[in-house]
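The opening position of the sequence shown corresponds to residue 1 in UniProt numbering, with each subsequent residue numbered one higher.
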Amino acid sequence: MIRASQSDRTEGPKPAQHLRKVPATVARLDCATAFQRIALGCIANIKAHHGSACAGDAEAVHQIRMAITRLRAAVSFFAPMTVDAVWPRIKREIAWLNASLSAARDSDVVILYAQRKRYRAWTGQAGQQSLDQRRIQDHRRLARSLRSGRFQRFMKALLRWIESGPWLVGSARNARDERAEPLQAYSEWKLKHWHRRLVRKGHDLKTMEASRRHRLRIKVKRYRYMLEALMENLPSRRHAKIRHAQRAAKRLQGGLGDLRDLQRFGHVAAALSGEPGNGCPPGYAEQRRELLVEVVTACRSLKKTRPY
């Protein structure tokens with residue numbers, strides 16, 4: 001857990017103006033400045049949706065999760081520059097927060113499935129009530145986390161790390177060189193590496209087990225979020241290729257997410273309704289086959305769309 005400094009214990013939350021603005025000269029942007037811009041944007045998004053998420057708003061919870069994932073994607077994209085002695089502590093706090101965020105988000109998604117006409121009878125009244133109660137508990141747990149002193153300390157530590165952390169002054173040659181490297185050149189090389197890795201890992205998607213599909217979905221999600229972030233930080237002449245690749249990644253991520261949500265809904269709803277052996281919603285096999293066809297097609301499309 002990140003400890004509070006004396007100033008953290010005595011000062012209240014910083015206003016939004018505390019987030020410094022970096023000059024938007026995208027044509028000459030270096031990697032260090034680009035990472036700061038992306039990461040500070042993530043903090044701003046978390047703060048913007050904090051109150052609504054505490055009040056149980058599903059979209060606000062989703063937006064905070066997206067901001068956290070985008071931050072982790074940026075750290076991974078700009079590694080080794082961004083990996084220093086402080087990052088492991090930040091990463092542990094992110095994992096702590098993500099546990100509550102993920103539980104609340106999963107409950108929201110399961111409720112949406114249960115409310116669909118084709119699943120209402122299968123879920124049953126008792127199952128629906130159990131799902132509603134579970135959602136309330138998950139959102140209360142998340143609200144406690146978001147209102148806690150631990151969360152406030154985490155946000156302050158995260159901001160300090162982004163603006164003045166050890167990663168900005170590390171003496172290792174590879175990290176030092178990357179800080180000053182132009183974003184355009186670095187992003188082209190890194191996107192090529194990430195794209196090839198996704199194509200390689202997704203080659204047997206049709207027969208892939210659920211755990212591997214889940215890991216692939218996370219990689220695709222980070223790839224997509226970085227494409228979106230780069231469109232905000234690279235010259236407009238690069239946008240067409242990046243946007244095309246982003247759409248392909250979004251389709252693949254969406255299909256993989258639908259597969260996971262369908263399976264999770266079946267298990268959770270059946271268990272809470274008191275019929276754990278009945279873990280397949282109506283039309284599950286057919287819907288799963290259709291989704292698999294969609295994700296295989298999306299993966300082929302991703303293979304063809306190079307953002308570099």
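All C-beta atoms in this analysis are idealised placements derived from N, C-alpha and C, irrespective of residue type, glycine included.
Counting only the same chain and skipping the five closest in sequence on each side, list residues whose C-beta sits under 8 Å from that of residue i.
i, result
"residue 131", "107, 110, 111, 114, 123, 268, 269 and 272"
"residue 42", "67, 68, 70, 71 and 74"
"residue 172", "80"
Just to confirm the assignment, what range does the alpha helix (DSSP H) spanning residue i have?
i, result
"residue 66", "58–77"
"residue 280", "Taken as a continuous stretch (DSSP letters only), residue 280 belongs to no alpha helix (DSSP H), as it is neither H nor E."
"residue 50", "31–54"
"residue 223", "210–231"
"residue 144", "117–146"
"residue 176", "173–180"
"residue 196", "183–201"
"residue 159", "149–164"
"residue 234", "Residue 234 -> no alpha helix (DSSP H), and no H or E assigned at all."
"residue 92", "87–114"
One question on the structure: do residue i and residue j come within less than 9 Å of each other, judged by their Cβ atoms?
i, j, result
"residue 210", "residue 263", "yes"
"residue 29", "residue 234", "yes"
"residue 223", "residue 185", "no"
"residue 44", "residue 53", "no"
"residue 231", "residue 238", "yes"
"residue 146", "residue 50", "yes"
"residue 193", "residue 245", "no"
"residue 281", "residue 118", "yes"
"residue 215", "residue 260", "no"
"residue 77", "residue 190", "yes"
"residue 73", "residue 229", "yes"
"residue 55", "residue 121", "no"
"residue 317", "residue 161", "Lying before the first or after the last residue shown, residue 317 is absent from the chain, which here runs from 1 to 308."
"residue 241", "residue 307", "yes"
"residue 217", "residue 257", "yes"
"residue 151", "residue 227", "no"
Exposed or buried, what is residue i when buried is set at 16 or more other beta-carbons lying within 10 Å of its beta-carbon?
i, result
"residue 75", "buried"
"residue 24", "Reliability of the predicted coordinates at residue 24 is poor, the pLDDT of 48 falling under 50, and no value is obtained from them."
"residue 67", "buried"
"residue 32", "buried"
"residue 286", "exposed"
"residue 149", "exposed"
"residue 289", "exposed"
"residue 187", "buried"
"residue 221", "buried"
"residue 3", "Low confidence applies to residue 3: its pLDDT is 47, below 50, so where it sits in the model is not reliable enough to give any reading."
"residue 304", "exposed"
"residue 253", "buried"
"residue 157", "buried"
"residue 94", "buried"
"residue 135", "buried"
Leaving aside the five residues before and after residue i along the sequence, list all residues of the same chain whose C-beta is less than 7 Å from its C-beta, in chain order.
i, result
"residue 128", "114"
"residue 105", "61, 62 and 65"
"residue 255", "291, 294, 295 and 298"
"residue 266", "279, 280, 281 and 284"
"residue 116", "none"
For residue i, collect the residues of the same chain with a Cβ closer than 6 Å to its Cβ; drop the 5 residues on either side in sequence, then sort them by chain order.
i, result
"residue 102", "none"
"residue 178", "31 and 81"
"residue 141", "100"
"residue 34", "183 and 233"
"residue 175", "80 and 81"
"residue 38", "74 and 229"
"residue 251", "298"
"residue 199", "303"
"residue 58", "108"
Would the region 201–209 count as touching the region 294–302 if we require 3 or more Cβ pairs under 8 Å? The region 201–209 is in contact with the region 294–302.
The region 83–91 touching the region 160–171, judged by at least three CB pairs closer than 8 Å: Yes, the region 83–91 is in contact with the region 160–171.
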